[in-house]
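One structure below.
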Amino acid sequence: MSLRAELEKSVTAWAATHFPGLPAEPWVRPCADERHGHFQTHFAMVAAKAQRLNPRDLAERLAKECPPPEGWEKPTVAGGGFVNYRVGPEAVGRAVDALRQDPNLGIPRVPKPESVVVDFSSPNIAKAMHVGHIRSTLLGDSLARLLTRLGHRVNRVNHLGDWGTQFGKLLLAYRAAGRPPLQPDQAIDQLEEFYKKGHQEAESDPAKMDQARAELAALQDGNPERRKDWRLFCESSAEHFRKIYERLGVRFDSIRGESAYHEDLPKVVQDLLQKQIAEVSQGAVVVRNRTIAEEPYLIRKSDGAFLYATTDLAAIQYRTEELKADRIIYVTDARQQLHFRWLFDTARRAGCRAELEHVWFGTVLGPDRKPLKSRDGTPLKLIDLLNEAKERAGVILKSKRPDLPPEGLEAKAELLGMASLKYADQLPNRNLDYVFTWEKLLAFDGNTAPYILNAYVRTRSILRKSGLAKHPCAPVRVAHPSEERLARLLLRFGDAVELAAADRKPHHLCGYLYDLAGQYHRFFEACPVLQLPALRDSRLTLVGLTGDVLKEGLGLLGIPTLEEM
RNA sequence: GCGCUGUUAGCUCAAUUGGAUAGAGCAUCUGACUUCGGAUCAGAAGGUUAGAGGUUCGAGUCCUCUACGGCGCACCA
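Numbering of the first sequence is given in this note's numbering, commencing with residue 592 and proceeding in unit increments.
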């Protein structure tokens, strides 16, 4: 249990006894300013307001009747009714001793594990993944890792766009070209060319548009030749996706595209009509809810075709009934908020009992504050982004480590490039658009992956220097202020992980890891580790624990570590 | 028009969900190296949190209005 949680227990018990009416919030928080203390509670001010009492008097009572755990200083009252607590160095040492023996590093387990589907990434078949997919892919992956770590049963689902109307135009051009074989390493580019060609033709020539529609209808009716072509498109795309996911270290439990729900769609619409949730309007089938919008939600077009809303409804049914999901989390960009409001509302009215959540994020912008594009104005391809990250990391590596043999350089550049990209993408609050620059991404200092990795590497190098095979696990004695700060920060890891998961915002964890890396660097400046025999094992233990927490924290963000920079 | 969302230091972003004197990095300036790895550390400077009201013991955070931006609103996904 963290220091905070220990104190929290005591304060909450006191609050529940004397003020049973008040909500059981977390009342204990770390002080923003250490001069006030290590932890504070503002409970007295809240309770005083509710009961019309004097907040200072109540704070005095709380401080007196609610003593901190063993080894803490006597609490003090300050301001308008804050009670401040300070932990003694021995108590810090004891807490760190408990932490180093905890395989979970202070990360709590949820009392009631849920079966959670995380739906993320979801690229379209026959198109290269682009920069618009990166936030969903990384954020979804991190959320899945966080929820798994807290004890939930997580199902990572890639809901591929493999059944849209774009296939009519693509088939049209592909077949007109004589159904040529696709080159393994250029398949995606070839498919994009065919689509572009088919699209242009269909837009300019109504007869071609009719043909494209006919191609789509043939595919959806199960025409064997079209099916075969479509499967080829899917397989070529899958290979493209696989390479990118491998480099990003992202995996899925289930890759199940829209096509998998094709057969279920008529029944979904029929059910909604039968339950009188949906109605026929102007030949289409729609769902209405004036509290959401005046315009209705379309689930079947007037020509009988289904939409992605219908597919999503079918997917909810599958996930709740077949996968037994208690909760489904969708990770998509902000523009789909209205769609998900409609989707969730409709599913609930139709009897869905699972919790449905839309975790949305903003756009990646270029330096001009417009959505990030490549030089020719098309969306920036993800593969180009990854390659450039690696290349730039390689240039920096060579300049920083000219002594490094060329063999190891490439793998190191790849790791640093991916780590930097992943960290930079997850650092800003997901609800905001963010401005992407290479300078920020691969900077050596500031809140970046290299800075944190550097701290980790130094925990490893000091170990190598010590001649030991692994970090010792000795009782920790905090002797220096920067050492004590490091220890207390380590004890907050569990809180940071919990907050990031509960908020569905991994950037909270980035902030914590940056603080920890910085505090480790300060400790490192101030505290000789190997030179002082009396403190050597204690400090090596602290160093080892710092490394473990940095590694575990980065791991929850999907970022691997390395032993040497 | 309706709805969602945003505006914090010159720039890019934080702020533990209503708590104490709003913090970092970059850029600028000043220091610390024959280093337990300097991809580091110490320090200076930089703010009417877009503006105006309101609620509160307390507001960057909640409410109302205004200005400016991004996005979405029936047959794409």
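Glycine residues also receive a C-beta, built at the ideal position from the N, C-alpha and C atoms.
Look at L649 here: in three-state DSSP terms it is helix. Inside the region 593 to 650, DSSP marks whole beta strand (DSSP E) runs of 3 or more residues at positions 619 to 621 and 630 to 632, from first to last along the chain. Residue burial annotation: N749 is buried, with at least 16 other C-beta atoms found within 10 angstroms of its C-beta. Between S706 and A1004, the CB-CB gap reaches or exceeds 7 Å. Taking a C-beta distance under 7 Å as the contact criterion, G697 and R1068 do not qualify as a contact pair. The beta carbons of L594 and L1104 sit no closer together than 7 Å. Here the region 934 to 947 does not lie against the region 777 to 795, with fewer than 3 beta-carbon pairs under 8 Å apart. Between A1015 and L741, the gap from beta carbon to beta carbon reaches 7 Å or more.
Annotated as distal: S733 and G1102, with beta-carbon spacing of 7 Å or more.
G672 places its beta carbon less than 7 Å from that of A650.
Our two residues, L1054 and P1124, have alpha carbons roughly 15 Å apart in a direct line. When C-beta atoms of the region 779 to 786 are compared with those of the region 822 to 830, three or more pairs fall below 8 Å, so the two segments count as touching. Our two residues, F1035 and Y1042, have alpha carbons roughly 6 Å apart in a direct line. Among the bridge pairs identified by DSSP, E661 is matched with none. One alpha carbon belongs to S713, the other to K834, and they sit about 15 Å apart. In this model, N1020 and G628 are separated by some 29 Å (Cα to Cα). The C-beta distance from R1130 to V1120 rounds to 4 Å, short enough to fall under 8 Å.
Counting C-beta atoms within 10 angstroms of its own C-beta, T608 has fewer than 16 neighbours from the protein chains shown and is therefore classed as exposed.
The beta-carbon distance between V922 and L1100, rounded to whole angstroms, is 16 Å. This is too long to meet the 8 Å contact definition. Shown here for N1045: same chain residues with a beta carbon closer than 7 Å to its own, the five before and five after excluded, namely M1156 in chain order.
Excluding five sequence positions before and after F1114, the CB atoms of its chain that fall closer than 7 Å to its own CB belong to S1073, E1074 and L1077, given in chain order. About 34 Å separates the beta carbons of V859 and A798, which is beyond the 8 Å limit, so they are not a contact pair. Three or more Cβ pairs closer than 8 Å define a contact, and the region 993 to 1008 meets that threshold against the region 968 to 983. Put simply, the region 982 to 994 does not touch the region 956 to 970. Fewer than three CB pairs are less than 8 Å apart. For the 7 Å CB-CB criterion, E948 and I920 form a contact.
Rounded to the nearest angstrom, the Cβ distance from P1097 to L737 is 7 Å, consistent with a contact under 8 Å. Restricted to the region 692 to 746, the alpha helix (DSSP H) segments that are unbroken, complete and at least 4 residues in length are 725 to 740, listed in chain order. By the criterion of at least three beta-carbon pairs nearer than 8 Å, the region 862 to 875 is not in contact with the region 719 to 728. T1050 places its beta carbon less than 7 Å from that of T1137.
Contact check between the region 872 to 890 and the region 830 to 844: fewer than three CB pairs, one atom from each, fall below 8 Å, which does not count as touching. Per DSSP, the continuous beta strand (DSSP E) segment holding H949 begins and ends at E946 to F952.
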